[in-house]
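Below is one structure, written out as structure tokens, with a few remarks after it.
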Amino acid sequence: MLRFGGRNPLLETTFDADGTAPPRSRSLTDLRFAEPGSFRGSMTSLAGDGGRARGPSFTADMLGSMLRSGAPSAVSRSPLPAMLPALIELNDNEDYFFRCVITECQPGSMQFKLSPAFALYMAARYRISRQFQPQTPFERRVQMFRFFIGQIIDNIGRTVASHQNNAEYLTFWLSNSSEFLYILRGDTEIQNILSSTGHLERMQETVEHCYYYLACLIQKSIEQVMGVMTNADMPDKQSTDEVINVLEATMTLFRANRLNAGLTIQLFSHSFYYINQYLFNWMVATPDGRSHLSRAWGVRLRDRLQFVHLWAEKQGLELAAECHMDRIQQAANLLITPKTIDQIASLGATCYKLNSVQVRWLLTHYVSDVCEPEISVNLIDNVVRLAEGQADEVARQDAQSVELEEAKTLDMQFMFPPDGYSIEMVRDLPPGMNEFFHYCQMQGGYFFKFVFLSPETAEASIGRDFIAKAKGTIIQVAIAFS
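So in our numbering the end of the sequence shown lands on 597, straight run, no missing numbers.
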């Protein structure tokens, strides 16, 4: 189960160019998603679940709503800094560097959680600069650079796979690997060198695997406490405390590791959907759940779900919660709404996301209170016809089957957010990087050589594109591992 970290998450969250931290709601909703690509990974395939897939149009609509609701950022952000604050020069110590920065890196030991991504970029920029082996032909240096990036990808991939059951490591490396991939794509020179080699695709796959490992792990943590939420003997608020504690611990971990807002929303979409399917399937597929199909339980279920929605709203995740907990919410509303012939339209409007099989099953197995009349067959047939024209039609358009139970996992394609990364806002060497370099130095007795460069030398070292917007004296720090 996920636990709270020792740090205050607000001390390490996404920050603006002036160093101020945006409000929680803005840091999660101010993003732009790329168009979904045909990526190979999926939650269903990784988890080995053969459940019914979730409709792609539903997911697209949900993300589209999030896009439209996101307030424009007040900060102008460029893809990458106009100049780098530092370069890392490696001599013949690549293996040590990879061990220190990737394979043996301890997430809990560093203040600035994105230190590995930034350090890898500074090393990559040095490798592609004219300072690195200037006597070597350009074509050979390009080959060496591609091999160097390939080593980085391999090391990150192995590290992710070896920690696939550790939420702290997975969050740390999802944040760093996605940041590094964004940097590789945003650096025009690097992107051109790697565009036809498959390196960027391999890095994308590494990010996706880390993402799906983490999503599975979070769902396991939620599953361990969901039984409490179905306990009718507990007060409604108390029954949701453990679930909300897991969600809160997850958010704490994400903020501490500066996880991209787009990835945060996608991961919580999986979490909210898991809560949705667990509760719904409990009601329709277990004897205990079926015995609760009454108006009284519908009221209590609605109140319990409201506590989760209130938490989501405080985090800026209200749209994700509304979209992915819709079926269990509508099932609760269906139980509460009066089931008389004059309420057919209201019943149809109440459960428009429930398919005809689900509507018929819930109404057929409904346990009427003493003061309630029995539900007529005519009413059930009329409400079912409404569902056939709404939810069933949407399912057919998405090539989905109409079934009683909800799929175990949300079949939502991974979308790599095109912005919202820390490097967009960082213009100087983050203070925590010095601590990270000191940590690397102490690990093996390596020293750092600081070199002050003039604008002319900077241009010769890292290229005109990176200093085109710079003014005045440029200070570059060349860090030499020797």
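Note that CB positions come from ideal geometry on N, CA and C, so glycine has one too.
Selection Ala-510, Arg-500, Phe-531, Met-530 evaluated against Glu-521 yields Ala-510 as nearest (Cα-Cα).
For Thr-401, there is no enclosing alpha helix (DSSP H), since its DSSP letter is neither H nor E. Pro-488 sits away from Thr-452, with the two beta carbons spaced by 9 Å or more. Secondary structure of Leu-235 (DSSP, three-state): helix. Rounded to the nearest angstrom, the gap between the Cα atoms of Arg-419 and Met-349 is 11 Å.
Within its own chain, the residues whose Cβ lies closer than 7 Å to the Cβ of His-480, once the five positions on either side in sequence are excluded, are Arg-405, Leu-408, listed in chain order. Taking C-alpha positions only, Ser-292 is separated from Glu-363 by approximately 23 Å. According to the DSSP assignment, Thr-286 belongs to the alpha helix (DSSP H) that extends over 282-301.
Contact between Val-498 and Leu-478 holds, since their C-beta atoms are separated by about 7 Å, short of 8 Å.
Residue burial annotation: His-314 is buried, with at least 16 other C-beta atoms found within 10 angstroms of its C-beta.
When only Cα atoms are considered, Arg-300 and Arg-273 end up about 22 Å apart. Put simply, of Ile-359, Leu-309, Asp-351, Leu-374 the residue whose alpha carbon is nearest the alpha carbon of Val-322 is Leu-374.
Under the three-state reduction of DSSP output, Glu-487 falls in the coil class, being neither helix nor strand. Gln-258 and Phe-287 have their C-alpha atoms some 30 Å from each other. Contact annotation: Ile-333 and Phe-422 have beta-carbon atoms that are not nearer than 9 Å.
For Glu-219, the three-state secondary structure derived from DSSP is coil. In the three-state scheme derived from DSSP, where H, G and I count as helix and E and B as strand, Glu-518 is classed as coil.
Our two residues, Gln-505 and Ile-490, have alpha carbons roughly 22 Å apart in a direct line. For Leu-478, the three-state secondary structure derived from DSSP is helix. Look at Leu-329 here: in three-state DSSP terms it is helix. Membership of Leu-368 in the alpha helix (DSSP H) is indicated by the continuous run 351-371.
Taking every protein chain shown into account, the CB of Val-275 has 16 or more other CB atoms within 10 angstroms, so this residue is buried.
Around the beta carbon of Asn-346, fewer than 16 other beta carbons sit within 10 angstroms, so the residue counts as exposed. Annotation: Asn-280 to Leu-368 spans about 15 Å, alpha carbon to alpha carbon. When the five nearest sequence neighbours on each side are left out, the beta carbons in the same chain lying within less than 7 Å of the beta carbon of Ile-495 are those of Arg-475, Leu-478, Thr-479, in order along the chain. Spatial neighbours of Asn-448 in its own chain (CB-CB distance under 6 Å, excluding positions within 5 residues in sequence) are listed in chain order as Thr-465.
In this chain, Ala-347 is not harboured by any alpha helix (DSSP H), its DSSP state being neither H nor E. The alpha-carbon of Pro-545 is positioned some 16 Å away from that of Ala-238. Burial check for Cys-325: the Cβ neighbour count within 10 Å reaches 16 or more, so the residue is buried. Taking Cys-555 as the centre and dropping the five residues before and after it, the same chain places the C-beta of Cys-215 closer than 6 Å to its C-beta, in chain order. Rounded to the nearest angstrom, the gap between the Cα atoms of Met-540 and Asp-534 is 11 Å. Only buried fits Ser-336, as 16 or more other CB atoms lie within 10 angstroms of its CB. For Phe-529, the three-state secondary structure derived from DSSP is coil. In the three-state DSSP reduction, Met-540 falls in the coil class, being neither helix nor strand. Minimum Cα-Cα distance from Ile-538 among the listed residues Asp-441, Lys-228, Phe-213 corresponds to Lys-228.
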